[in-house]
Structure formats: C-alpha cells, structure tokens
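Numbering-wise (my numbering), the sequence shown opens with residue -13 and increments by one.
Presented below is the structure to which this report refers.
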Amino acid sequence: MRRRVLVAVAVVVLVPALVTGLLWALQRRLVYLPQGAPGPVAAALPGADDVVLRTADGLQLAAWHVPAPSPDALTVLVAPGNGGHRGLRAPLARALAEEGLGVLLLDYRGYAGNPGSPSEEGLALDVRAARSFLLEEAGVPAGRLLYLGESLGAGVVTELATEHPPAGLLLRSPFQDLAAVGAVHYPFLPVRALLRDRYPVAERIARVHVPTTVVYGTADRIVPPGQSRAVAAAAAELHRLVAVEGADHNDPPLLDGPELVGAVRDLAARVG
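Here it is, written out as structure tokens:
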C-alpha cells in the first residue's frame, strides 16, 4: 500500500513537471506557426516587387513591396499574425493598392523560407528592417507610413510604434498580452510564468500618441473580443473601434474584407 501511495504521489508530481518542462522548451513552436511558401510575386501580386529586408543582426528576409502611386501617398506596413505567409495577404495588398496606398508585406524570420527562428526580440528587428527599407530604399517619408498589425503582428507594430510612431496605427484582433490569450487556451497551465515572449499590447498602446483604429470580430475564438476592446480602451488616441459582427479570427472579413479595408481607408483619410 505504501508503495502504491508513493507511486501515485510521484505521478502527480512528475507528470505536470514533465509537461511544464516540455512546454517551456517547445513553447515557441506553439506560438509561431510558419506554413508554406508564397510562390512567385508576379502570380500572387502583380505590380509588386520582390525585395530584401536586412535586419540589424545580419539576416536577409524576403518581402513584397507595392510602391505607392505618388510621393505623397501613404504606405501600409503590414505585420502578419503568427501563421501562414505573405502570399495569403496578397488579396489585402491588392485591395489596399486599389485605395491608392503603397503596401509592404513581410515575412518574419523563420517564415516562408526566411533564415532564423522567430521570437519577440527577433520580430522586433524584422519589422524595423521593414521600416528601414521603406524609408531608406523606397523613399517613403516617415510621416507617410501606416502600420497594420494582425493579431500577433499587432504586438509587433505596437512595440515599433513606441520607438518610431507612424502617421496612424491599425490593430486587427489584438490581444492584451500574449499570456492573457494563452491563459484562455491553456487554463490549466501557469502561462504567465512560462512564457518567454510577452507582447504587452495594452500596456504599450497607452504610450503611442497617434490615431489608432482597432478592428475585431465579435465571434473570435482565438483572441476573445473583450481583449481587443480592452486594447482599444487603453489606446492613447483611439480613432475608431470597428466590430465585425459574427466574424471569427480568420474569417474573410478580417483578412481582406470591406470592413478591414474600409477601416484602413478611413484611417488614411484621418491622417491625410
């Protein structure tokens, strides 16, 4: 009997410890989900150019750039979410280009054949490389940039905006911080203690004094709608809160639908 009790105690103690250890080691594989390759730019996004982004730590990342139609037109730097590749954002880029906007679609390190492994620190370098390309090689004035961040990308561009404010900021399906959304999906784990990457969106957006639009789906099963509303409430300069009724996280209206494109168009008109 005593031996059985000791075995039971060992199982109760060791199994959670083992699971926690595995999650600590493998967590970034659960957060960052590179999938597929974008294919040739000519087929996916006619009129765009294949470009290279050079990061401060020596990586060369592939991206697509749709030049703005005129020197005074705004350009949208699109920071993607944690899955897929830039080819999946081509319909959004086409729609934004039809609105008279330039667009840069990037893939982070470790995505779509790019070198490196993704992390919060690494993605911060990647989006800075994207901004540097637009300013230094494409000749876009800093005051003519909009940042658009999808989900995880909202955390990426919000951090960038604290250091390099854009003309306007649009966050699509943002979470308050990564631990808050992780706790929803893994309620049985000490997520906040385990996570290496934080992305504290709500905390940082309070320090970003530019017109900010938040777009979210009311039926989002990945990022709870209340978290996106909390980000909007924390924004230092909220321009609009756009609720897309009945939309889940990856439904078409939130990828490239008229609600999202219209929100970008409205923000562009607001910043002039």
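Here a beta-carbon is modelled for each residue, glycine too, at the ideal position from N, C-alpha and C.
Residue i burial status per 10 Å Cβ neighbour count (16 or more: buried)
i, result
"Y275", "For residue 275 there is no data in the structure shown, the boundaries of the chain being -13 and 258."
"T199", "buried"
"V27", "buried"
"T291", "Outside the shown range of the chain, which is -13 to 258, sits residue 291, and nothing can be said about it."
"H225", "buried"
"D36", "exposed"
"P101", "exposed"
"V38", "exposed"
"T144", "buried"
"D163", "buried"
"V(-3)", "With a pLDDT of 40 at V(-3), under the threshold of 50, the modelled position of this residue cannot be trusted; read the value that follows with caution. Looking at its Cβ environment, which holds fewer than 16 other Cβ atoms inside 10 Å, V(-3) is exposed."
One or two residues paired with residue i in a DSSP bridge
i, result
"R130", "According to DSSP, which records beta bridges pairwise, R130 is partnered with nothing at all."
"H51", "D35, L90"
"R226", "T199"
"V64", "L91, L134"
"G154", "L132"
"R40", "Q46"
Three-state secondary structure (DSSP) of residue i
i, result
"P20", "strand"
"A205", "coil"
"Q162", "coil"
"R15", "helix"
"P239", "helix"
"D58", "coil"
"G258", "coil"
"P211", "helix"
"E231", "coil"
"D252", "helix"
"L181", "coil"
"R190", "helix"
"A221", "coil"
On the three-pair Cβ rule with 8 Å, is the region 183 to 190 touching the region 230 to 245?
Verdict: no, contact absent.
The region 52 to 59 in contact with the region 11 to 25 per 3-pair CB rule at 8 Å:
no
For the structure I just gave you, are there three or more beta carbon pairs, one from the region 42 to 49 and one from the region 109 to 129, closer than 8 Å?
yes
Inter-stretch contact (C-beta, 8 Å, three-pair minimum) for the region 127 to 137 and the region 246 to 258:
yes
If you pair each beta-carbon of the region 28 to 36 with each one of the region 96 to 113, do three or more pairs fall below 8 Å?
Segments in contact, no.
Whole runs of the beta strand (DSSP E) within the region 70 to 146, excluding any shorter than 3 residues:
88 to 92, 131 to 136
How about the region 156 to 165 and the region 193 to 208: do they share at least three Cβ pairs that are nearer than 8 Å?
With a cut-off of 8 Å, the region 193 to 208 and the region 156 to 165 count as touching, because enough Cβ pairs lie within range.
Would you say the region 239 to 249 touches the region 81 to 97, given that touching needs at least three Cβ pairs under 8 Å?
yes
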